[in-house]
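Chains A and B, in that order, are what the protein sequence lines are. With the working numbering applied, the first sequence has no gaps in its numbers, which climb one by one up to 534 at the end. With the working numbering applied, the second sequence has no gaps in its numbers, which climb one by one up to 534 at the end. We put the CB at the ideal spot given by N, CA and C, even for glycine. This structure is a prediction, so every number in the text was calculated from the model and none was measured. Inspection log for the structure reproduced underneath, given as structure tokens.
Number of protein chains: 2
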Amino acid sequence: MIELADARRTLLAACPSIAPVALPVARADRCVIVADVVATHAVPPFDNTSVDGYAVQAADTVTATQDQPVHLDVLGSVLAGSVADRPVEPGRTWKVMTGAPLPAGADAVVMVERTSARAGSQLGAAGDQVAILAPARSGAGIRRAGSDVRTGETVLAAGTVLRPAHLGVLGSVGAREVLVYRRLRVGVLVTGDELVTDGGELRPGQIHESNRAMLMALLVRANCEPMDLGVASDDVADLEQRLRHAMAACDVIVTSGGVSMGDSDPVKAVLERMGRLNWMQVAIRPAKPFAFGVLDGPSAPVLVLGLPGNPVSSLVSFELIARPALRHMMGHVEPYGPSVLAIADEQLGRPLADGRTAFLRVLSRIGPDGRVHVRPVTGQDSHQLSASASADALAEVPDDRTVQAGEDVLVYPLS
Amino acid sequence: MIELADARRTLLAACPSIAPVALPVARADRCVIVADVVATHAVPPFDNTSVDGYAVQAADTVTATQDQPVHLDVLGSVLAGSVADRPVEPGRTWKVMTGAPLPAGADAVVMVERTSARAGSQLGAAGDQVAILAPARSGAGIRRAGSDVRTGETVLAAGTVLRPAHLGVLGSVGAREVLVYRRLRVGVLVTGDELVTDGGELRPGQIHESNRAMLMALLVRANCEPMDLGVASDDVADLEQRLRHAMAACDVIVTSGGVSMGDSDPVKAVLERMGRLNWMQVAIRPAKPFAFGVLDGPSAPVLVLGLPGNPVSSLVSFELIARPALRHMMGHVEPYGPSVLAIADEQLGRPLADGRTAFLRVLSRIGPDGRVHVRPVTGQDSHQLSASASADALAEVPDDRTVQAGEDVLVYPLS
């Protein structure tokens, strides 16, 4: 057996690299950007008004009060997207709507709520007068050019994992595409003669297939593009044909089942024929067996990740080993995701000391103390997916230890 | 102004309800299930072996040791998906592979590692003998029928938000479809004469459009299906045409911009003509203005959510008000998402007491103490999206208060 950290290191070192692509900004959420994005112009590009109101020279308004307003002549209105055609001079003002460029000559904007226009007059028309009811501080109501982004500023550093607001930032600097590590196309191949896929009656020895939809959903959550490679029988020729076909379309192939040490594991047999595979016994419970290798695809190397077939093992294997590899290939600087020191609300025991670190499926809540609290789901066997499905995290319990209620335990949120 | 809680309550009460649909299990991740799912058969459906080994009568193995093995006659091999054609009797055994049905008569499985077959013999062939090197406890190596799911058991309760493992559970009980609240089709309409969408040169007064990609990504993260309705000018006829067209295809329309109190807000003008809209001034900073209403669509009522146009306001408005409404319509029992009592690593101030609760954009980390720690991003103005983009949470700072470094503060993770 090898330690989880060693298994992960070995796998990450073997992952093929993926060429970056330019994606439309609207399609790049959750991708990792490849190079710094530098603003070629300022945001906002010009001084503009942050309120609906009147652009003034602040000096004009010094004496303004509710009782003794200052009256200014209105030159007209400036909407967002239009421009004042003459400057504000003493005694004059432009009505301005939020986002409109600040007219030349103005150094403040008085909110409309602190003004009073003659009742019945066309608001903001040239020739009107407006009463300013309070003094304006120089700079009030103005967003300065470059106060969000300065020209030449790095708005997004290489390695940033894009969030929705980042897409907005890219838009604001005029970027329509962004260079990112693209989403991996990941084929999912489930194997087993015992699997029934149509939901029909089970014959003796048969079970319903359950891992494919789970793995495809996990891949979507990992920002990959899953491809359904179907369910293969344990026939070696069938398996090989499906794999060869998939290698033309996929960056990665995830298999489920057939990776244990049994003499008849067909995935093992086929993959060993197709390339050099690395069969690991990882010192974790569940999900001890894991296989990986890099096959020569028709256009590029294809990473194969062999997950165990037990549903819970498949899930845990994906979370702890496969997902970090996928994230690594997609440029994530932190492939392993966060961990939290949580409080065990109940004892987290383990059946036996077997030299493996147990990853118990736990349900978490955030307590009023600001801490994450966890309790184990009932049914921790590797075939008990129903119990595990209610879990939202894995709790790490070292070999030959029990975490007592109230003790701290390291927890990894499930994706 | 109205309090955030009141604004939310008013909006949720007005949301039209959406008919549930049956979705293929593989496409239902993150949806909320409508009705309890009850298992019509047990999982596993039959007793089966959890290891590769030999199915035995435990009584046969009581005296087995490394030095004095018990020799049993092999009846043949049972793979997963096949069935033994005769029972195990005293002195006999079936070789069994993981997942294979337990042959009748057997009450234990001895792991292959605790056996020894004659070198050179065909492993598991009828006529072979195997040496059992250790006693087996009755029940060892066996997963009992129903030990994951019992017949008649509720495997998923109504209201469950589906996770990948739940999809596996649905598969395991033979479900191919599941009744869920479907993903909302949400149109995104951005408005403003000042907006440039092609990334080209800006003329005076123009800015690059930035909210559309951001809102569409936020919608995907909220498990909705966004529809790009483009960027409308401030022309009322253009706006109305786009809205009427969208109402045939969308459950919800989200607009960005044109909802403040300015005299020339065209979104306001058009929507007021099309139906009864609710214009709110919410006591939060940023994102004070918010509008909503239910329009009569050609086939069903359409909810319109009017977000402010300032990028940061748009983001905060979506997170705090729009997203809960969408989640409510999609059947979420907890529409508001989690909050965490975090520790402010720096002072969280606010510019002025204005009767509004401030939601500062903060960057969070999980400390070695198991607590969430936050610090504000620099640039908290509502147009400073670049600064806000690095934030991953909102910190709630009540009116006229400053949270000092080291104090607790309530924090809401951004989606």
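For A:R301, no CB of chain B lies under 8 Å from its own CB, so it is not counted at the interface with that chain. The Cβ atoms of A:H327 and A:L321 lie closer than 8 Å to each other.
Relative to the Cα of A:S329, the nearest Cα in the group A:D511, A:H502, A:G394 and A:L414 belongs to A:H502. For A:I485, the chain B residues whose C-beta falls within less than 7 Å of its own C-beta are P457 and V459, listed in chain order.
In terms of Cα proximity to A:L275, the closest of A:G306, A:L298 and A:R263 is A:L298. In the displayed model, B:N330 falls within a helix according to three-state DSSP. Residue-level contact by beta carbon fails for A:Q248 and chain B, as no gap is shorter than 8 Å.
Taking the Cβ atoms as the reference, A:A253 lies roughly 6 Å from A:A183, within the contact range of under 8 Å. Residue environment: B:T168 is assigned as buried (16 or more neighbouring CB atoms within 10 Å of its CB, all protein chains considered).
Residue state for A:I137 is assigned as coil, using DSSP reduced to three classes.
The beta carbon of A:G474 is closer than 8 Å to those of M120, A402 and D518 in its chain, skipping five residues each way along the sequence. For B:E328, a Cβ of chain A is located within less than 8 Å of the residue's own Cβ. Put simply, the backbone Cα of A:A365 is about 13 Å away from that of A:L424. Membership of A:A388 in the alpha helix (DSSP H) is indicated by the continuous run P385 to M393. For B:V181, same chain residues with a beta-carbon under 6 Å away, outside a window of 5 residues either side, are P254 in chain order. In the three-state DSSP reduction, B:P209 falls in the coil class, being neither helix nor strand. Contacts between B:V202 and chain A, judged by CB atoms closer than 9 Å, involve R322, P323 and G324 in chain order.
Residues of chain A whose Cβ lies closer than 8 Å to the Cβ of B:Q503 are, in chain order, S266 and D267. When DSSP assignments are scanned along the region 161 to 238 of chain A, the uninterrupted stretches of beta strand (DSSP E) that are 3 or more residues long and fall wholly within it turn out to be 172 to 175, 189 to 197, 211 to 215, 227 to 230 and 234 to 236. Here the C-alpha atom of B:A199 lies approximately 6 Å from the C-alpha atom of A:E313.
For A:H285, the C-beta contacts it makes with chain B under 8 Å involve A508, in order along the chain. Burial of B:D166 is indicated by the presence of at least 16 other C-beta atoms within 10 angstroms of its C-beta. Taking 8 Å as the cut-off, the Cβ atoms of B:P188 and B:S235 count as close. By the rule that beta-carbons nearer than 8 Å mark a contact, A:M335 touches chain B. When 7 Å is used as the limit between beta carbons, B:E313 is near these residues of chain A: A199, G200 and G218, in chain order.
At a cut-off of 8 Å, the C-beta of B:D527 has a neighbouring C-beta in chain A. A distance of 8 Å or more separates the beta carbons of A:L471 and A:Q499. The beta carbon of A:A141 sits closer than 6 Å to the beta carbons of E296 and L298 from its chain, once the five residues preceding and following it are set aside; these are given in chain order. Using a Cβ-Cβ cut-off of 8 Å, B:S291 is close to I326, H327, S329, P430, L504 and S505 of chain A, given in chain order. As the crow flies, the alpha-carbon of B:G428 is around 5 Å from that of B:S375. Taking every protein chain shown into account, the CB of A:G324 has 16 or more other CB atoms within 10 angstroms, so this residue is buried.
Interface criterion met: the Cβ of A:G489 is under 8 Å from a Cβ in chain B. Between A:L194 and A:T212, the beta carbon gap of about 7 Å places them in contact (Cβ cut-off 8 Å). Inter-residue distance for A:L396 and A:V389 is about 10 Å (C-alpha atoms, whole angstroms). Contact of B:G468 with chain A is not assigned, every C-beta pair being separated by 8 Å or more. B:Q176 counts as buried, since at least 16 other C-beta atoms from the protein chains shown sit within 10 angstroms of its C-beta.
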